[in-house]
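Inspection log for the structure reproduced underneath, given as structure tokens.
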Amino acid sequence: MSLEGVHEVRLDNGFRAYLVERRELPLVATVLWYRVGSRDERTGETGLAHFLEHMMFKGTDRYAKGQIDLLTAKLGGSNNAFTDHDGTAYHFSLASDRWETALEIEANRMKNCLFDPAEFDAERNVVLDELARGEDDPWNVLWQATEALAFQVHPYHHPVIGYAEDLRRVDAEGMRTFYRRNYGPNRAFLVVVGDIDHERAAERIAELFGSLEPVPDRDPVLVEPVARHERRGVVRAPGSLTRIAMACRTCRMGERDDFALDFLSHVIGSSKTSRLHRRLVLEEEVATYVTSHNETRLDPGLFWILAELHAGVDVERVEGLIREELSKLCDEGVEAAEQRRARVQIRSSYLFEDETVLDTALKIGRFEALASGGHRLLENVLPTYDEIDRRELREVAQRYFGPEAWSVVWSLPEDAELRRPAATARKRRTRSKAATSAAKAIKAPAAKTSRTAAKKPARKPAKKVAKKAAKKAARRAPKKSAAAKPEARP
Amino acid sequence: MSSRIQLRCAERELKNGLCCIALQSPESSTFAVSLSLAASQIEEGDDEHGLAYLTGSCLEEGTRRHSAVELAEAVENIGGSLSTAAGSVTIQCPADEAARAIRLVRTVGLEPAFDPRDVRRVQAEILSEIEADDADPRAVARRDFRRGVFGEHPLGRPSYGDAKTIAGFRAADLERFHRTWYAPRGAIVAASGPAPVEETLDVLAKAFRSFRGADSPRTAPLDPEMPHGRNESHVPMDREQVHVYLGHPGVRRSNPDFVPLLVMDHVLGTGPGFTSRVTRRLRDEMGLCYAVSASITQGAGLHPGAFTAYIGTSAANRQRSIDVFLEEIRRIRSEPPTPDELRDVQEYLTGSYVFGLERNSNLVGYAIRARRYGLGYDYIHRYPDEVRAVTREDVLRAAATHLDAERVVIASAGATV
Chain R
1 MSLEGVHEVR LDNGFRAYLV ERRELPLVAT VLWYRVGSRD ERTGETGLAH FLEHMMFKGT
61 DRYAKGQIDL LTAKLGGSNN AFTDHDGTAY HFSLASDRWE TALEIEANRM KNCLFDPAEF
121 DAERNVVLDE LARGEDDPWN VLWQATEALA FQVHPYHHPV IGYAEDLRRV DAEGMRTFYR
181 RNYGPNRAFL VVVGDIDHER AAERIAELFG SLEPVPDRDP VLVEPVARHE RRGVVRAPGS
241 LTRIAMACRT CRMGERDDFA LDFLSHVIGS SKTSRLHRRL VLEEEVATYV TSHNETRLDP
301 GLFWILAELH AGVDVERVEG LIREELSKLC DEGVEAAEQR RARVQIRSSY LFEDETVLDT
361 ALKIGRFEAL ASGGHRLLEN VLPTYDEIDR RELREVAQRY FGPEAWSVVW SLPEDAELRR
421 PAATARKRRT RSKAATSAAK AIKAPAAKTS RTAAKKPARK PAKKVAKKAA KKAARRAPKK
481 SAAAKPEARP
Chain S
1001 MSSRIQLRCA ERELKNGLCC IALQSPESST FAVSLSLAAS QIEEGDDEHG LAYLTGSCLE
1061 EGTRRHSAVE LAEAVENIGG SLSTAAGSVT IQCPADEAAR AIRLVRTVGL EPAFDPRDVR
1121 RVQAEILSEI EADDADPRAV ARRDFRRGVF GEHPLGRPSY GDAKTIAGFR AADLERFHRT
1181 WYAPRGAIVA ASGPAPVEET LDVLAKAFRS FRGADSPRTA PLDPEMPHGR NESHVPMDRE
1241 QVHVYLGHPG VRRSNPDFVP LLVMDHVLGT GPGFTSRVTR RLRDEMGLCY AVSASITQGA
1301 GLHPGAFTAY IGTSAANRQR SIDVFLEEIR RIRSEPPTPD ELRDVQEYLT GSYVFGLERN
1361 SNLVGYAIRA RRYGLGYDYI HRYPDEVRAV TREDVLRAAA THLDAERVVI ASAGATV
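Which chain is which? The protein sequence lines are R and S, in order. Counting in this note's numbering, the first sequence runs from 1 upward without gaps. Counting in this note's numbering, the second sequence runs from 1001 upward without gaps.
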């Protein structure tokens, strides 16, 4: 992506905006991204960033409860929001002759939310319901358990949705304090993509956001110490299926290793030609499904491997097969054909991330919010993928995928007998030299949670629903699906 | 705004009866192509439950020219993604690989391998899906709901059949089903990308002109009947939430009341954000749930869909939620939407449909629906006027005609008081 088309607006109060003119259709997408996520929650505040995202639609001094949605609908547009560990984003899709309404709404609610106690209590129930919904989802439970194991000190340890105990305890005043501490122009930026005149847009942005008072800078967070040993856990899930999640800590989004890990994810598990799919699904027929994700965040994150097993298959055996393939990757590296295919796929995915104006706005926002170098990194994304060779891929695999690097959680049926894993990792080869120097950098998956659920009763076959659930995590990295589909289907 | 939107679309019918459609989105750098055939669970015989689903799933497991891995490599080599289902094959890829994508769709759709080992493996995967669904209260409730609404109609059973039927199929069964129903007459292949439509049509025609297959007699199933009174069931499961489906048989896409019902849906249960009545009441005002919806037009196709209201909530709120659904159904059947409600929905629908034109995959889906439902490719241009023409009385009449609060199926599963 060329940065020539990105017009940057800088205001004295710290607010930034990135404007891109795209005029194929008379549409505009806006994304207001706050650098406020669950990482910014203090002790006893878990879930507050996400809960606040809900409350941003529940009334301000100018827009009564429900008015933001109603106004958006009347304008023939759509809006939504999501919160993850590192930030919260609010987006609108509107026709280009009325898109500035989004600016007015965002500027107003940055400082003027009301937090009516009755509305607060009602919305708390909605959030608790959302939490309960997640607890019924075996993939979600497995995901969160693994994440909590991999991060023991860093706030990535706690789920974005928060703990029920904290959510029940917080009151409207506590929410207001959190809002005032975190929501301000210097902790947010705006992306606008579509059929706009960037000069006119810049003027309007300055008018609306220029007088807003800044807030304190982000609190520093605890640094997660290097994990020196494998960590293991077991969760129980209703039903008869066994699943496994493995996660190792890696690097920050946008660091060079992040690009290499995208390649490695493609090679090891995230495609139908991947080694794990071939071995576990096609050859050994021990898993119905396997995937991998390179999950990147602001702070070092996680590389994931997830699998669902055929009935009667021993989970320890499957973990052993996964570890064999990881060892092979570390020892032998990647074949030329594998890297070539991965490169084609990555380039293609990158292309699809610009299919709609909202896709592009979210991509720019994601890079600006999370990547070292911000949105400017976009210019170097494809060249960096092109630079990475097989030697580097092998080195990166060795750096992160050592046998002791993994947090492993088995999800077993409630009535399944638990046999202790026979020190799976320790039986394998000794750590490679490169692996011992690993784990300096890290980053993680985005347990992203959104204000609205899918509206349509699920009509997809269960296989696809299960896969979708497992892939919830795959929020960054080249991907083909946008976060939202705002259209009403004719 | 809609005056700026011009859809470039053309159709060509091949001698074999296949309908080729091309759309052009000149600025796009991506491409989508989809083959759509009437080969769903509607076509299954009495002893074939799940066969359409299994056949569709196995399409991506190899062709006469490719093993499963070779096929995946071929798709990945063009930067594509392949998805198959009962009667459909779709590839999305960069625009410069359009011709190869079209040829691949043809090969996948028309020359599947159905290797017995792959078929057995996919059968095992589907059995796992069934097991996962058995443990998922939402899936259990949905399954019971559809059985209650559609009865013996093929749409009343899960598309994947059941564990017994799935386990019994052999590769020869898939070959027979494919031979019978994957035929050109009545099938559609649609593609969308930056190339001029005539150019795309030429590539489609060349790829599919050798598509052969005889028409097979189709017997339309009898329409499902409205339930007699209230048909309520609940499956207790040890979970945090209870999932509730409520509704009855719905309408076809061809129903003349479709557009008034679309407006009604948005007033009642599918409006954006929290603007619809049931969402506003159950979530926004009462805080009973995270997910709630109600619609009769979603799922309306060649066969009748279902009016479906859904909520996931706590066990303590199950009955209140059902009561609110029924109150709102009665209300929308007995009083028209307010002028503001009607105007808001019309403005939303006429303003937002253009977002559906951004993705090539959406354009392909639109063209296939337009053709299959006889809407005409210019429907996108007529649609805003049709929506604007709907009156409050139209909505009231359509609701009174097609909704019923007294004859409903209510199926729930999950947490129990």
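Positions of the beta carbon are idealized from the N, C-alpha and C atoms, including for glycine.
Given residue i as reference, the closest of the options once Cα atoms are compared
i	options	result
residue 305 (chain R)	R:410, R:221, R:375 and R:255	R:410
residue 1124 (chain S)	S:1253, S:1165 and S:1096	S:1165
residue 1352 (chain S)	R:23, R:53, R:88 and R:94	R:94
residue 1128 (chain S)	R:312, R:230, R:179 and R:228	R:312
residue 155 (chain R)	R:212, R:204 and R:49	R:49
residue 308 (chain R)	R:323, R:287 and R:319	R:287
residue 216 (chain R)	R:148, R:359, R:182 and R:196	R:182
residue 43 (chain R)	R:98, R:165, R:360 and R:126	R:165
residue 195 (chain R)	R:185, R:110 and R:358	R:358
residue 538 (chain R)	R:152, R:204 and R:328	The requested residue 538 (chain R) does not occur in the structure, where chain R is confined to residues 1 to 490.
residue 266 (chain R)	R:360, R:332, R:245 and R:341	R:341
Min CB distance residue i to chain C below 8 Å
i	result
residue 1319 (chain S)	As a matter of chain content, chain C is missing from the structure shown, whose protein chains are R and S.
Beta carbon proximity, residue i to chain S, threshold 8 Å
i	result
residue 70 (chain R)	yes
residue 76 (chain R)	yes
residue 352 (chain R)	yes
residue 258 (chain R)	no
residue 79 (chain R)	yes
residue 31 (chain R)	no
residue 427 (chain R)	In this predicted model, residue 427 (chain R) has a pLDDT of only 39, less than 50, meaning its place in the structure is not dependable enough to derive any value.
8 Å Cβ cutoff, residue i in contact with chain R
i	result
residue 1030 (chain S)	yes
residue 1128 (chain S)	yes
residue 1094 (chain S)	yes
residue 1289 (chain S)	yes
residue 1241 (chain S)	yes
residue 1234 (chain S)	no
residue 1307 (chain S)	no
residue 1348 (chain S)	yes
residue 1352 (chain S)	yes
residue 1017 (chain S)	no
residue 1357 (chain S)	yes
Close-in-space but distant-in-sequence residues of the same chain around residue i (CB under 7 Å, 5 per side omitted)
i	result
residue 1058 (chain S)	1112, 1114, 1118, 1119, 1122 and 1174
residue 1028 (chain S)	1095, 1193, 1194 and 1360
residue 1196 (chain S)	1024
residue 128 (chain R)	164 and 167
8 Å Cβ shell around residue i - same chain, five flanking residues per side excluded
i	result
residue 71 (chain R)	63, 101 and 105
residue 175 (chain R)	48, 51, 52, 55, 115 and 120
residue 1231 (chain S)	1148, 1408, 1409 and 1410
residue 1390 (chain S)	1259, 1260, 1263, 1342 and 1346
Cβ neighbours of residue i in the same chain (closer than 6 Å, five flanking residues each side left out)
i	result
residue 1083 (chain S)	1090
residue 237 (chain R)	138 and 411
residue 79 (chain R)	72 and 92
residue 1181 (chain S)	1039 and 1043
residue 1100 (chain S)	1078
residue 20 (chain R)	5, 6 and 193
residue 1050 (chain S)	1160, 1161, 1165 and 1166
residue 1291 (chain S)	1312
8 Å Cβ cut-off: residues of chain R touching residue i
i	result
residue 1284 (chain S)	65, 66 and 122
residue 1135 (chain S)	138, 237, 238, 239, 240 and 241
Listed by chain order, chain S residues near residue i by CB distance under 9 Å
i	result
residue 271 (chain R)	1072 and 1076
residue 347 (chain R)	1079 and 1094
residue 276 (chain R)	Under the 9 Å cutoff, chain S gives no residues; its nearest Cβ is about 13 Å from residue 276 (chain R).
Chain S residues whose Cβ lies nearer than 8 Å to that of residue i
i	result
residue 282 (chain R)	1068, 1069 and 1121
Under 9 Å by beta carbon: chain R residues contacting residue i
i	result
residue 1124 (chain S)	285, 288, 310 and 311
Q: Jot down the residue ranges of each uninterrupted beta strand (DSSP E) in the segment 296-358 of chain R, minimum 3 residues, whole runs only, in chain order.
A: 302-309
Q: Any chance you could list the alpha helix (DSSP H) runs of at least 4 consecutive residues sitting entirely within the segment 1351-1391 of chain S, in chain order?
A: 1360-1372 and 1379-1388
Q.
Threshold first: 4 residues or longer. Then list the alpha helix (DSSP H) segments lying entirely within the segment 105-155 of chain R, N to C.
A. 117-135 and 138-150
Q.
Just to confirm the assignment: which complete alpha helix (DSSP H) runs, minimum length 4, are found wholly within the segment 1250-1314 of chain S?
A. 1258-1265
Q: Any chance you could list the beta strand (DSSP E) runs of at least 3 consecutive residues sitting entirely within the segment 182-269 of chain R, in chain order?
A: 188-194, 231-237 and 243-249
Q) What alpha helix (DSSP H) runs, 4 residues minimum, are completely inside the segment 1062-1127 of chain S? A) 1068-1077 and 1098-1110
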